[in-house]
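Participant:
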Amino acid sequence: MRFLFYDSVTHIEKGISITGVKSFSLTEEFLRGHYAKRAIVPGVLLIEAMAQLLGWLIIYSHDFKLSTFLVLAEDAVVTPDLRPGFSAEIHAELISTSKRDSLGRVRMCVGGREIAHVNRIIYGHVSEVKPEDLRKLFGYYSGLNGAVL
116 MRFLFYDSVT
126 HIEKGISITG
136 VKSFSLTEEF
146 LRGHYAKRAI
156 VPGVLLIEAM
166 AQLLGWLIIY
176 SHDFKLSTFL
186 VLAEDAVVTP
196 DLRPGFSAEI
206 HAELISTSKR
216 DSLGRVRMCV
226 GGREIAHVNR
236 IIYGHVSEVK
246 PEDLRKLFGY
256 YSGLNGAVL
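Just so we're aligned, residue 116 is where the sequence shown starts under our numbering, counting upward by one.
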């Protein structure tokens, strides 16, 4: 994963949901030179942040025995013209999962107000993984460092 679009995981419940946070500041590398006169956070980055967290929920729910790839994001809405300088809470819910694929939904809120959501996200699964490597990555990327692993 080249860019991580969430800062930490604050809650995770296996097979159910995950919550995380992301602060979008003007100093973010991905905003450098982006809309030079009036910086905005691109909506696709909000979707990516939500998708990354849901992907980790799926991996965690399957005991790190698979990895995921995004197949479909449908019914997505993002607030236009979001200026950097806010912290968002990301909520992802796993609707169904099998060995082959998973379905979920996600939303992002600032101060309790929804700024983005995707009502239907489908992931395919890859089973040729090294569970211990995924477990270590999740511990590092989530900020949990073994707390729930």
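Where is the CB? At the ideal position from N, CA and C, for every residue including glycine.
The model shown is predicted, which means the values in this text are computed figures rather than measured ones.
(1) Exposed or buried, what is S182 when buried is set at 16 or more other beta-carbons lying within 10 Å of its beta-carbon?
(2) I'd like the list of long-range same chain contacts for E189, defined as Cβ closer than 6 angstroms, with 5 residues on each side in sequence excluded.
(3) Just how far apart, CA to CA, sit S211 and K152?
(4) Using DSSP with H/G/I as helix, E/B as strand and the rest coil, what is K245?
(5) Is the Cβ-Cβ distance between V156 and P195 less than 8 angstroms?
(6) What beta strand (DSSP E) runs, 3 residues minimum, are completely inside the segment 159 to 220?
(7) Less than 8 angstroms between the beta carbons of I237 and L187, yes or no?
Facilitator: Concretely, from the data shown:
(1) buried
(2) R235
(3) 43 angstroms
(4) coil
(5) no
(6) 182 to 193 and 201 to 212
(7) yes
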